[in-house]
Structures are given as C-alpha cells and as structure tokens.
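I have placed the structure first, in the form of structure tokens, so that the comments after it can refer back to it.
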Amino acid sequence: MPKNPNLTLEGPDLAALLCSRVCHDVISPVGAINNGLELLDEGASDSDALDLIRTSALNAAVRLKFARLAFGASGSVGASIDTGEAEKAAKDFASAEKKTEVTWNGPRAIVAKNRVKLLLNLFLVAYGGIPRGGSIDVTLENPEYDARFIITIKGRMMRVPAKFVEIAEGTLEEPVDAHTIQPYYTVLLAEECGMDLRHVVSEDKIVFIAEARPT
Numbered sequence: 317m318p319k320n321p322n323l324t325l326e327g328p329d330l331a332a333l334l335c336s337r338v339c340h341d342v343i344s345p346v347g348a349i350n351n352g353l354e355l356l357d358e359g360a361s362d363s364d365a366l367d368l369i370r371t372s373a374l375n376a377a378v379r380l381k382f383a384r385l386a387f388g389a390s391g392s393v394g395a396s397i398d399t400g401e402a403e404k405a406a407k408d409f410a411s412a413e414k415k416t417e418v419t420w421n422g423p424r425a426i427v428a429k430n431r432v433k434l435l436l437n438l439f440l441v442a443y444g445g446i447p448r449g450g451s452i453d454v455t456l457e458n459p460e461y462d463a464r465f466i467i468t469i470k471g472r473m474m475r476v477p478a479k480f481v482e483i484a485e486g487t488l489e490e491p492v493d494a495h496t497i498q499p500y501y502t503v504l505l506a507e508e509c510g511m512d513l514r515h516v517v518s519e520d521k522i523v524f525i526a527e528a529r530p531t
C-alpha cells in the first residue's frame, strides 16, 4: 500500500478524474476545429479556415496519442513499452504548441509500462513548470533495471508546480480534483514503481528526478 497519506483515491474515482483530465486537454483543439468549420460555413477565406482546422486536428491527435501512453492501458496488464514511443510522444506534444524544445538522451529500451507512464507524467509536471516555454532535457539512465529519470527545464518564469510538491510531500489539504489529478497520478506511479521523486531548484534550471529505491 502507498505510504503517502495523500494517495487515497479509489479506482473508480481515479479513473473518472483521469478521464476529466484527458477531456480537458483535447476539448480546446476540438473546439477550434469546430470554429474552423463554422468559418467555412460563413464564407471566410478557405485557406485561413483550413489552416485552423489542420493545426487544431494535429494538436488534438498529438494530445490523444500522448494521453494513450501516459494515462491509458497501452496493452495488457504487465505489458512493456518502447521508450522510443515515449520520446516521440513527448517531442510531438511539445512541438504542437511550438514554444518548448525537447531533447532526449539515453538508451532506447523496452521498459515496464508503469515506468514509462511515470516518465511521461513527470515530463508533464516539468512541462507545467515553464508556462512561457523554454527547453526540456530528458535523460534516461539504466531504464530497464535500476532506472533513473532526469528531466531538466529552463525558461522564463520557471517554477515547481505547487500542487505536485504538496502531493509528493503528503501535505495536500484539499481533495484531489481534475486540476490536481495529473501530479497525483505521477506520485502514485512512483509509489507503484518503487521510485523516489525529488527536485532541485537553481537559478537557471529546475531538475526533476525519479530514481529506483535501493533494495
């Protein structure tokens, strides 16, 4: 059982809140597709409307593919995932908004599903730490065994998402909702994978680390 006192959600509540998170992520680009179609109906420039539709459709597709790996089953229970898929999902996710550059270092490997999900969810936490854009450097060390994931962010107005810290430290006082479910899920995955989470803040960067607990 998880030791963190904040990790108390039952399965149905966890699933419902994760579904809300996914819907929140895709409703904006899907709504923009609808706006583009309305512009066509109103006789607006075909090229402008089609550009909006294409961009929004790509954004929605990228977000859904990312969510499938980060939140979904992605295969049977106990399945493994190629870290190359995670790399593509992360880079496509960032490139869709064109404000953050992602670099990825480390061996490509077939890794336990929950570890890859942890990696992608920690990536989301880190991504949220540079709301004005910047750079994210992802490094995988020994991902198949005593894994260590290091995600470094740089950018304007850097910050460590406050709710992530509260949940990780077990000090969150309010109930988990659709806005806090993603950092909650990150901490839960770390517990399930037997990995510790920490972060280091310096003047020019923030480093998020997930590493296997010593046995």
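So in this note's numbering, the last spot in the sequence shown is 531, and the numbers never skip. Idealized CB from N, CA, C, for every residue including glycine.
Segment limits, beta strand (DSSP E) that includes residue i
| i | result |
| --- | --- |
| ALA528 | 522-528 |
| LEU513 | 511-517 |
Where residue i falls, given that 16 or more other Cβ within 10 Å makes a residue buried
| i | result |
| --- | --- |
| MET511 | buried |
| ALA343 | Residue identity check: residue 343 is Ile in the sequence provided, not Ala. Its Cβ having fewer than 16 others within 10 Å, ILE343 is exposed. |
| GLY352 | buried |
| SER518 | exposed |
| LYS479 | buried |
| ALA331 | exposed |
| GLU403 | buried |
| ASP341 | buried |
| PRO530 | exposed |
| ARG431 | buried |
| PRO477 | buried |
| TYR461 | exposed |
| PRO499 | buried |
| GLY471 | buried |
| LYS414 | exposed |
| ASN421 | exposed |
Identified DSSP bridge partners for residue i
| i | result |
| --- | --- |
| ARG464 | GLU457, GLU527 |
| ILE452 | VAL418, ILE469 |
Rounded straight-line distance, which links the Cα of residue j to that of residue i
| i | j | result |
| --- | --- | --- |
| ARG365 | LEU374 | For the sequence presented, residue 365 should be read as Ala rather than Arg. C-alpha separation (whole angstroms): 14 Å. |
| GLY347 | ALA386 | 23 Å |
| ASP398 | LEU513 | 22 Å |
| ARG464 | PRO423 | 12 Å |
| ALA428 | CYS335 | 23 Å |
| LYS521 | PRO447 | 14 Å |
| ASP453 | ALA412 | 17 Å |
| LYS407 | ASP493 | 27 Å |
| GLU508 | SER363 | 49 Å |
| ILE466 | PHE439 | 10 Å |
| ALA376 | PRO345 | 5 Å |
| GLY445 | VAL378 | 20 Å |
| LYS381 | VAL418 | 17 Å |
| LEU504 | LEU323 | 7 Å |
| MET317 | SER396 | A caution first: MET317 carries a pLDDT of 43, below 50, which makes its placement in the model unreliable, though a value can still be read off. Looking at the two C-alpha atoms, the distance is approximately 23 Å. |
| ASP329 | ALA410 | 29 Å |
| ILE369 | GLY388 | 26 Å |
| HIS495 | VAL338 | 11 Å |
| LYS319 | ALA528 | 16 Å |
| ASN350 | ASN458 | 45 Å |
| ALA425 | GLY400 | 7 Å |
| ALA442 | THR468 | 8 Å |
| PHE524 | LEU488 | 19 Å |
Residue range of the unbroken alpha helix (DSSP H) whose run includes residue i
| i | result |
| --- | --- |
| ILE483 | 478-484 |
Quick check on the DSSP output: what are the complete alpha helix (DSSP H) runs of length 4 or more inside the segment 358-429, in order along the chain? 362-386, 399-413
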